[in-house]
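Just so we're aligned, residue 0 is where the sequence shown starts under numbering that gives the first Met the number 0, counting upward by one.
Ideal placement from N, C-alpha and C gives every residue a C-beta, glycine not left out.
For clarity, every value in this text was computed on a predicted model and none was experimentally measured.
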Amino acid sequence: MSETTGWRAAAAPGALILAAAAILWRPLFGGEALSGGDLINHYIPYKALALEQIRAGEFPAWNPLTFSGRPLQADIQVGVFYPPNALFLLAGRGESAAARAKTIADVFDWLVFLHLAWMAAGAYLFLRLAAGGGAAPA
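If you want it as structure tokens, here you go:
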């Protein structure tokens, strides 16, 4: 394998990941956030409730704030058992509710970027394997 071939093999997924960063530049680095609709009305409040219960040492099984109560852990949007959601544990403690919501929104932005990066790298690897190029640079 030549040095040029190895560089090209790394450049393609790297370029796709940079494209994902460019798409999300303003939310990641510009002080803005992906927001609106369900993110504000559903996702952030439920995520904040689950984090509050986890930090209190409780299992986030129930949401007493919606209707007469409903399962919290079973809500797919909360994703209690989804490993990348552990990043939400970085959201601020003891801050105001608005500051915690902003931190949750920031973590959400980075999680969206990570999903795009994983997708780009996975799509590149899949297409390389589908084209018969193998997983390693030729």
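Out of the options, state which residue places its alpha-carbon closest to the alpha-carbon of residue i.
| i | options | result |
| --- | --- | --- |
| I43 | L15, G30, Y123 and F107 | F107 |
| T102 | I39, F87 and F112 | F87 |
| I22 | A130, L124 and H114 | H114 |
| A73 | N84, T65 and P59 | P59 |
| A14 | G131, A116, S34 and A130 | A116 |
| F112 | I75, V79, R25 and R7 | R25 |
| A100 | A8, L38, A10 and R7 | L38 |
Taking the Cβ atom as the reference point for each residue, do residue i and residue j lie within a distance shorter than 8 Å?
| i | j | result |
| --- | --- | --- |
| L27 | A20 | yes |
| I16 | A122 | no |
| L124 | A90 | no |
Name the one or two DSSP bridge partners that residue i has.
| i | result |
| --- | --- |
| W61 | P70 |
Which whole-angstrom value describes the C-beta separation of residue i and residue j, a residue pair presumed to lie in contact below a C-beta threshold of 8 Å?
| i | j | result |
| --- | --- | --- |
| A104 | A32 | 4 Å |
| A83 | L126 | Sequence inspection shows Pro at residue 83; the Ala mentioned does not correspond to that position. Going by Cβ atoms, the distance from P83 to L126 rounds to 24 Å, so no, they are not a contact pair. |
| N62 | Y45 | 7 Å |
Return yes when the C-beta of residue i is under 7 Å from any heavy atom of the ligand FAD, and no when it is not.
| i | result |
| --- | --- |
| S95 | The ligand FAD is not among the ligands present in this structure, which contains no ligands whatsoever. |
Just list the alpha helix (DSSP H) runs in the segment 5 to 50, keeping only unbroken ones of 4 residues or longer that don't cross its boundaries, in chain order.
-> 24 to 28
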